[in-house]
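Structure record follows, encoded as structure tokens.
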Amino acid sequence: MIDATEDQANQNVVQEYLTFTLGEEEYAIDILKVQEIRGYDAVTRIANTPDYIKGVINMRGVIVPVVDMRLKFHLGNATYDQFTVMIILNLGQRIVGMVVDSVSDVIGLNPEEIRPAPDFGSTFDTQYLIGLASVGDRMAIVVDIEKLMTSQEMGLIDKLSDTAL
Amino acid sequence: MGKSILTVDDSASIRQMVSFTLKGAGYDITEAVDGKQGLDKAQAGRFDLILTDQNMPNMDGLTLIKSLRALPAYRSVPILVLTTEAGDSMKAQGKAAGATGWLVKPFDPQKLIEVVRKVIG
Amino acid sequence: MSIDLSQFHQVFIDEAHEHLGNMEQLLLALDVEDASLEDLNAIFRAAHSIKGGSGTFGFSDIAELTHALETLLDKLRKQILDPTDEMISAFLECCDLLNEMLEAHQGGASVDDTTTEAMRSRLLKLADPDLPSKALADEPNTLAIIPNDASAWLIELNPLTDLFAGSASLEALTADLSALGQLTLLSQKPGSCMSWQLKGPNTDAPIRDIFEYICSDKELTINLAETENPSDSEEEDDGFGFFVDESTLPAAQEKAQIEADNGFGFFIDESELPAQQQAEREQQQGFGFFVDEHELPAALNTSAPQNAPVEQVAKSPKVSSKQESAKAPAESSIRVGVEKVDQLINLVGELVITRSMLAQSASHLDPVEFEAIHEGLVNLERNSRDLQEAVMSIRMLPINFVFGRFPRVVRDLTQKMNKKVRLKLVGEETELDKGLIEKLADPLTHLLRNSIDHGIETPEVRTAAGKPEEGTITLSASHQGGSILVQITDDGAGLNREKLLEKAREKNIPLSDNPTDKEVWQLIFAPGFSTAKQVTDVSGRGVGMDVVQRNIAEMKGQVEIESISGEGTTIGLRLPLTLAILDGMTLRVGNEIFIMPLTRILESLQPVHDQLKTVSGKGRVVQIRGEYLPLIALYQILNLEPEVTDPEKGILVVVESNSGKVALFVDELIAQQQVVIKSLETHYRKVEGISGATIMGDGRVALILDIDKLARMSISHVSA
């Protein structure tokens, strides 16, 4: 791809991000954390969990939880039809499915193109934000999806294992 | 064809070490886990050299040597005793049983090859 | 050619652990009064094997200690000494220490020298009671280590006085020795034993010269490093060693002498050896092959696959003939990592699921037109079921893997508490999943301790009660249908109903007005509950029994207690055969499918109006044959939308939970089905009331109900 030394690679090389929309907002996450994108189907409910935890699905024999980001962050309409998409994230040891309004694009961003996020004005707590980036005439919020998904706030992991992360 | 050697030892690690070392030196190795199995395997095949541990369950090394010496096919095949006991009585017993020689454990692989070479080349 | 011995370390360590395990078993079974020679020989052989291997693979500390162990054992098997309890204890502790040392080596650490030295001296002292302890330290260390070249000397200094207190300086000595060659300090204990390895000099004379002014010959041992035994090297021509008595040398050694100091020799004239001349010729070149060189790569290739640790699954040379017969034939078994087996189990699980998906899709196909497909699916089902069973059986191990440790536990505890207990093991060959075996160890140990501590009375009390002085604890295992029952039975005092009730009142543990024995016995599992008058250091402060119950519940098992005052107590653990597969009942609530462990289901029924009652403060109950059982509506607990809310229109499933029988109200029971248990926690977390998940034939996930938890949840649900 790019003939550069590792140092350069770390500093200047364009990283790819997957962008998706939640309501009016556009978000970008590191594409290396994305395992696949699939339709929303056959989710088994889990009792006594917050509404945004939709349940679990079978990903080739592995039981994976599904989170609806629209419900979690009160954005967009939480409807489920054949157009509803799920981004399957691979976060190190864990796999999580994430329901969003739509998946838009894969974009390349240079670290310099990501500007620090303001302290306010975002739905997500700033601790999960990497920054803001311009995509054409739009603005994408770059999210540290691993940090967000493994946070206490999402309630996807037991407190004990949480400290291990 | 490499010469074939039967190594009889109840310790898997020693057996593997002997086996690996001698295979590396180009010999064909057959392993047996005790005297009884050693005797069976010796009778089932032909070996140019037999290396045996002294202390083993089921049949010890000395009994194995005596039994082998009673077989026409093994009357003159060299047999070395691998032993941790290098005392006189072991040597006397080993000789009386019909062993060709002994090698004291622990030994290093190089030494093993050297001795085996001396015996069968 | 140099050979990396470290590749054999793991095999050696595993093997040594096995030898130690066998040794411990044999030691525990040994009758000190009338020890069988066969057993003593077997114990000796185990120590001997460890010594041989540890020397070869460079674990000199282990070799040193096992040498002392072997020395004592040798005297026992030769009947020079008679075994004593003291010796057995020393042996057992030595086994523990060796296990520790092995683990330390595995982890790249090492065990404190003083501990091993103390054990070594203790064993040598037992081997030679007349030896003054001072002399023990002087026992020549007969350890042999592998030198990198032939002229490595092992120097041992065992000073009778503190040599370096006076004019002699250790630094000067070290410097002098270093001048002769490459010096390595092997061990140093100030004021006592020191040892070095020195590579360089061709004879020991220059070394002796250095020591001449420092100590007497008696305090010094110098050996060629690969020489096994100093008294042996003694006989050789180099003149090192002490106790010469040449008359004892066999005549046969004439020829061998030259080579004997190299650690090997021949009983026949060397010129008779077929390879002699060739070998000598080749050795002059320093290196050579004995086969045609073109054959060598092939020979090397064949050696590669055999390199894998293929070995006998070592079964101990056990005491009973029954186990002897179970001994696996050597070399017909292989050692495989558990993760590989688990991967296999997972894949087979996937296969089973795929098969049922296929079967479901094919069910609409015309049976005549698609006869071949239907037939194929039937075969596939049979084959995959057989395959699944075969794969599961790989993980099955005899329960003796955990039972085996208890004779030791009992021995240690009874000694500590001055009680007399005989441990009887029954059904040790019963097989269950390896994962369960590992998890059983802790709870069983705890229960056993409890039986000895609280159950079995002291010999005086027993005699007074007309019981045999020696108590009996029976540990048994058996298969019962789809589960395994492990029982600990003691013939002790039994549980005391009154005391338990009193304690419950003291601790404000709620109880029904007229509790059944079963309910009372369950009290011992309450956190912080202990009936022992004195808190002992053995079974502790009553933390534990609740942990035991939790552990067993985690294994999807149940704890049952039976006790008769004055006659004893039986604690039964009922466990599934495996953690990977569950015999389940699928049921439906609304649109959701759940699995319930089949073994927990007592009956299912459609109640009539008269059977249903509402008890104030306790919610609904159902009367079944005179018993009132709490009615738990699954849709309420799990917050679901049911098809029916009236129990008369649905189904009640009566299940056995550890808080007693309860009736679960569901919409419909669907079918019995074996399911592969999957963890929810791998990618998610624990869910209350759910013990796991599985994948159904249509690829959807179904959750497995945790009956005990649901029962408890419903109690808090009602009281809330």
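Chains as they are written, first to last, in the numbering used here: chain A, 1220 to 1384; chain B, 143 to 263; chain C, 4 to 723.
Think of the CB as a built atom: it goes at the ideal place given N, C-alpha and C, for glycine as much as any other residue.
Whether residue i touches residue j by CB criterion (7 Å)
| i | j | result |
| --- | --- | --- |
| methionine 1305 of chain A | valine 1286 of chain A | no |
| threonine 589 of chain C | glutamine 490 of chain C | no |
| valine 1388 of chain A | methionine 1368 of chain A | For chain A, the structure presents residues 1220 to 1384; residue 1388 of chain A sits outside this window and is missing. |
| lysine 1291 of chain A | tyrosine 1259 of chain A | no |
| glutamine 158 of chain B | phenylalanine 11 of chain C | yes |
| lysine 681 of chain C | isoleucine 1282 of chain A | yes |
| threonine 118 of chain C | aspartate 64 of chain C | no |
| leucine 428 of chain C | leucine 478 of chain C | yes |
| isoleucine 598 of chain C | valine 656 of chain C | no |
| asparagine 226 of chain C | leucine 157 of chain C | yes |
| glycine 144 of chain B | aspartate 170 of chain B | yes |
| isoleucine 805 of chain C | serine 694 of chain C | Past the boundaries of the shown model lies residue 805 of chain C; chain C is included only from 4 to 723, so the question cannot be answered. |
| valine 223 of chain B | tryptophan 244 of chain B | yes |
| threonine 172 of chain B | leucine 148 of chain B | yes |
| isoleucine 356 of chain C | alanine 365 of chain C | no |
| isoleucine 1364 of chain A | lysine 1273 of chain A | no |
| phenylalanine 406 of chain C | leucine 451 of chain C | no |
Reference residue i; option with closest CA among the options
| i | options | result |
| --- | --- | --- |
| methionine 1358 of chain A | A/Gln1371, A/Leu1251, A/Glu1245 | A/Glu1245 |
| glycine 166 of chain B | B/Ser146, B/Ala234, B/Asp182 | B/Ser146 |
| isoleucine 640 of chain C | C/Ala714, C/Met395, C/Glu392, C/Lys681 | C/Ala714 |
| valine 576 of chain C | C/Lys652, C/Ser486, C/Thr519, C/Val657 | In the sequence as presented, valine is not what sits at residue 576 of chain C; that position holds leucine. Nearest of C/Lys652, C/Ser486, C/Thr519, C/Val657 to leucine 576 of chain C, Cα basis: C/Ser486. |
| glutamate 570 of chain C | C/Leu68, C/Pro471, C/Lys442, C/Leu368 | C/Pro471 |
| leucine 360 of chain C | C/Gly702, C/Glu27, C/Asp17, C/Phe15 | Note on residue identity: the sequence assigns methionine, not leucine, to residue 360 of chain C. Methionine 360 of chain C has its Cα closest to that of C/Gly702, out of C/Gly702, C/Glu27, C/Asp17, C/Phe15. |
| alanine 1261 of chain A | C/Arg125, C/Asn554, C/Val704, C/Asp711 | C/Val704 |
| asparagine 403 of chain C | C/Ala19, C/Asn25, C/Leu8, C/Ile16 | C/Asn25 |
| phenylalanine 47 of chain C | B/Asn197, B/Asp176, B/Gln179 | B/Asn197 |
| leucine 189 of chain C | C/Leu201, C/Ala182, C/Leu183 | C/Leu201 |
| glycine 340 of chain C | C/Asp17, C/Leu683, C/Ala182, C/Ser717 | C/Asp17 |
| methionine 1373 of chain A | A/Gln1301, A/Pro1335, A/Tyr1347, A/Leu1241 | A/Tyr1347 |
Contacts of residue i in chain A (Cβ-Cβ under 9 Å)
| i | result |
| --- | --- |
| isoleucine 698 of chain C | Asn1277, Gly1280, Ile1282 |
Test: residue i CB closer than 7 Å to a CB of chain C
| i | result |
| --- | --- |
| threonine 205 of chain B | no |
| alanine 1261 of chain A | yes |
| serine 146 of chain B | no |
| lysine 247 of chain B | yes |
Within-7 Å CB hit, residue i to chain A
| i | result |
| --- | --- |
| glycine 497 of chain C | no |
| glutamine 418 of chain C | no |
| glutamate 646 of chain C | no |
| lysine 442 of chain C | no |
| lysine 681 of chain C | yes |
| glutamate 342 of chain C | no |
| alanine 19 of chain C | no |
| glutamate 432 of chain C | no |
Proximal residues of chain A, C-beta to C-beta of residue i below 7 Å
| i | result |
| --- | --- |
| histidine 686 of chain C | Val1281, Ile1282, Val1283, Pro1284, Arg1313, Ile1314, Val1315 |
| arginine 703 of chain C | Ala1261, Thr1263, Asn1277 |
| glycine 653 of chain C | Going along chain A, no residue has its Cβ under 7 Å from glycine 653 of chain C, so there is no contact; the nearest lies around 18 Å. |
Any chain B beta carbon closer than 7 Å to residue i
| i | result |
| --- | --- |
| serine 9 of chain C | no |
| phenylalanine 62 of chain C | no |
| glycine 1 of chain C | Because chain C in this structure spans residues 4 to 723, residue 1 of chain C falls outside the shown range and cannot be described. |
| histidine 367 of chain C | no |
| arginine 48 of chain C | yes |
Beta-carbon neighbours of residue i, restricted to chain C and to distances below 9 Å
| i | result |
| --- | --- |
| threonine 1369 of chain A | In chain order: nothing, as chain C lies at least about 11 Å away. |
Chain A residues whose Cβ lies nearer than 8 Å to that of residue i
| i | result |
| --- | --- |
| asparagine 642 of chain C | Ala1266, Asn1267 |
| asparagine 349 of chain C | Gly1280 |
Contact list for residue i against chain C, beta-carbon separation under 7 Å
| i | result |
| --- | --- |
| glycine 1287 of chain A | The sequence as given places aspartate at residue 1287 of chain A; glycine does not occur at that position. Simply none; closest approach about 15 Å. |
Under 8 Å from the C-beta of residue i: neighbouring residues of chain C
| i | result |
| --- | --- |
| aspartate 1377 of chain A | Glu684, Arg688, Lys689 |
| phenylalanine 189 of chain B | Simply none; closest approach about 13 Å. |
Closer than 7 Å at the beta carbon, the chain B residues around residue i
| i | result |
| --- | --- |
| lysine 54 of chain C | Thr226 |
| arginine 51 of chain C | The sequence shown places histidine at residue 51 of chain C, not arginine. Under the 7 Å cutoff, chain B gives Asn197, Thr226. |
Within chain B, partners of residue i - CB distance below 8 Å
| i | result |
| --- | --- |
| valine 14 of chain C | Ala154, Ser155, Gln158 |
Contact the stretch 513–523 of chain C vs the stretch 602–609 of chain C: 3+ CB pairs below 8 Å: no
The stretch 445–455 of chain C in contact with the stretch 550–565 of chain C per 3-pair CB rule at 8 Å: yes
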